[in-house]
RNA sequence: GCGGCUGUGGUCCAGCGGUUAUGACAUGGGCUUCCCAAGCCCGUAACCCGGGUUCGAAUCCCGGCAGCCGCACCA
């Protein structure tokens, strides 16, 4: 068994990840989070909230997972996310139908599926592999389609990303943030993509969890006020240029922006925050890098994009987070499709004075002469550039009719005007996290094996902040006199809000191993010294060392250990193992 | 979606036309004042699903589903 298999097997056996619908034969691309997987995922999400909602002050919202058609017309997912396919009736091979007629039709995208099929027939195009006859063209869209309400009146789609929920709430979010930039909204939730062939467990799912932030910024100012805080952090950058040579470059964020490796502070800052978050949940820095998208792989909406990639045994480098500069693509698209203005009025620091020529048509004269058309003529006059108002005759075009007017009917005036600001469409920086992939990475990067007395010990070295079980309380033996004080400790720890497990089954060594395997950082053992001296032992998962502390202090000590305030060997008196005595 | 390989208790595996379906580990109960998967006793627990061939199918054939590997796909 290689490591990947071991991790998967452990995850299945111990209740982290279960293939879904097993009772009914299963379906690829769906997983259940078991009793340990669900809290692990929840804790990862909570750390994400800590970083992006609490520390950055972003607003968390929750939008429906089913969206109406208009959203995905605007976002490009209806057209860009779906491909016209055709298959060979002989060898069953599947092709992109539009690709087959590229050399005949200049813009195959503009054709309907029927038209593409007709083109294939008219030009007698056969299967490129075997020459067989091709089937009619059908649409394969990666979005799950459903119906809203009875009948077929309204089409709904399961959202392929959470991002659109933030974009379409832009006007309300803007108001929430009192009409000023920058601001950001986030969502953690399920997204759905009907993948053609999902594989590799939780790496490619049909239903998955995303955590996305949409940070709306003023496009003219891509600096970040807190850039100084992250600028000394060093990380592995794998830029477009570096990919030519195939070696990542280690440098600070400050250097990366100075050298133009990362386009601007805004993008760099969120790449850095992403990096810090991934470290916090337990992704190994040695097996992580940030790779810049190449120009040709950039998504249809992105101007620049940096992916956090992690190295997984057998799978290689896998993308787990994308941090993209989506520019104003989405807001512009939604503004155009919905016909709602999605710009922000940005005030200047100081109102600007501007000279402006105001054209004043003489309505008293124009009215009687042009009657109903007078207004249109006046508008046309106002629209003319100042130089056209000179000369003997002024010519305007109204409803295709050329009309001549003598200059005396129009007066021009130069006025000084105060301009207080301007309408802009914000740009969007989007860090987009694949929670399932991150969780799998945490499992993979936490997995260790060491040898204890010639036996292999499997350990998940979770950070205490993500461990599904933080403490196990273990009576040395399953005996009444040890169980009573142990239960008291269990209750107290639970009242403190710790995630505690209780286990009396099997020898103490067996119970330590069981907990090592699910990543429990600390075990409290109640033994006969507890009865004599009122102390218990706390065992450290990684070093397997034990310290003794008084019963009254055990809850405080554990909390200090879990939060990292106290080092293990300083938490109590080191216990010398029996065989060394 | 195509092709190849695979599918037996929770896990790993034996059985390859007739067995009360083998075993190990894990797990539950009991014994053992027992700090790193010890020992002994007892127990729970499986042939992926559906058809077919056959007197008889876990075993052979077909289809489905799932997993792995290649190809394609991955906005």
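Residue numbers (our numbering): -10 to 570.
All residues carry an ideal CB built from backbone N, CA and C; glycine is no exception.
Owing to the predicted nature of the structure, the values given are computational and were not obtained by experimental measurement.
- Taken through DSSP and simplified to helix, strand or coil, residue 10 comes out as coil.
- The DSSP-derived three-state label of residue 1 is helix.
- Counting along the chain, residue 503 sits inside the alpha helix (DSSP H) bounded by residues 497 to 506.
- For residue 263, the enclosing alpha helix (DSSP H) stretches over residues 254 to 270.
- Within the same chain, 463, 465, 497, 525, 526, 528 come within 7 Å of residue 514 by CB-CB distance, once the 5 residues on both sides are set aside.
- Beta-bridge analysis with DSSP links residue 197 to 180.
- Taking 9 Å as the cut-off, the beta carbon of residue 421 is found closer than this to the beta carbon of residue 199.
- Under the three-state reduction of DSSP output, residue 466 falls in the coil class, being neither helix nor strand.
- For a cut-off of 8 Å, the C-beta gap from residue 226 to residue 218 is around 19 Å, too long to register as a contact.
- Sequence-distant partners of residue 28 (beyond 5 residues in either direction) whose C-beta falls short of 6 Å from its own C-beta, in its chain, are 457.
- Where residue 244 is concerned, the enclosing alpha helix (DSSP H) starts and stops at 242 to 247.
- In this model, residue 564 and residue 534 are separated by some 7 Å (Cα to Cα).
- Non-local C-beta neighbours of residue 516 in its own chain, meaning closer than 6 Å and more than five positions away in sequence, comprise 465, ordered along the chain.
- A direct Cα-Cα distance of roughly 10 Å separates residue 300 from residue 274.
- Residue 86 carries a helical assignment under DSSP once its states are collapsed to helix, strand and coil.
- Check the Cα spacing between residue 201 and each of 423, 442, 509: the tightest is with 423.
- The way I'd put it, the region 31 to 47 does touch the region 440 to 458; three or more beta-carbon pairs between them come closer than 8 Å.
- The region 269 to 352 is shown to contain whole beta strand (DSSP E) runs of 3 or more residues at 277 to 281, 293 to 301, 305 to 316, 333 to 350, in chain order.
- Secondary structure of residue 539 (DSSP, three-state): strand.
- Taking one beta carbon from each stretch, the region 484 to 497 and the region 407 to 418 have fewer than 3 pairs nearer than 8 Å; the two do not touch.
- Scanning its chain for C-beta atoms nearer than 7 Å, with the 5 sequence neighbours on each side dropped, one finds around residue 1 the residues 7, in chain order.
- For residue 446, the closest C-alpha among the options 541, 430, 500, 487 is that of 500.
- Restricting attention to 208, 254, 131, 471, the CA atom closest to the CA of residue 216 is found in 254.
- In the assembly as shown, residue 427 is a buried residue. Its beta-carbon has 16 or more other beta-carbons within 10 Å.
- Just so you know, the alpha carbons of residue 519 and residue 467 end up roughly 15 Å apart.
- With respect to residue 54, residue 228 sits apart: the two C-beta atoms are not nearer than 9 Å.
- Sorting 448, 239, 399 by C-alpha distance to the C-alpha of residue 3 places 448 at the top.
- Apart from sequence neighbours up to five positions away, the residues of its chain that approach residue 63 with a beta-carbon distance below 6 Å are 322, 323, 326, ordered along the chain.
- The criterion of a C-beta distance shorter than 9 Å is satisfied by residue 425 and residue 20.
- Per DSSP, residue 102 is not a residue of any beta strand (DSSP E); the alpha helix (DSSP H) it occupies stretches across 102 to 111.
- Approximately 18 Å separates the beta-carbon atoms of residue 460 and residue 558; this is outside 8 Å, ruling out the contact.
- The region 120 to 127 makes no contact with the region 146 to 158: fewer than 3 CB pairs, one atom from each, lie closer than 8 Å.
- Comparing alpha-carbon positions, the option among 550, 120, -4, 26 lying closest to residue 189 turns out to be -4.
- Apart from sequence neighbours up to five positions away, the residues of its chain that approach residue 67 with a beta-carbon distance below 6 Å are 61, ordered along the chain.
- Secondary structure at residue 461: strand, using DSSP grouped into helix, strand and coil.
- For the pair residue 49 and residue 204, the CB atoms are not nearer than the 9 Å cut-off.
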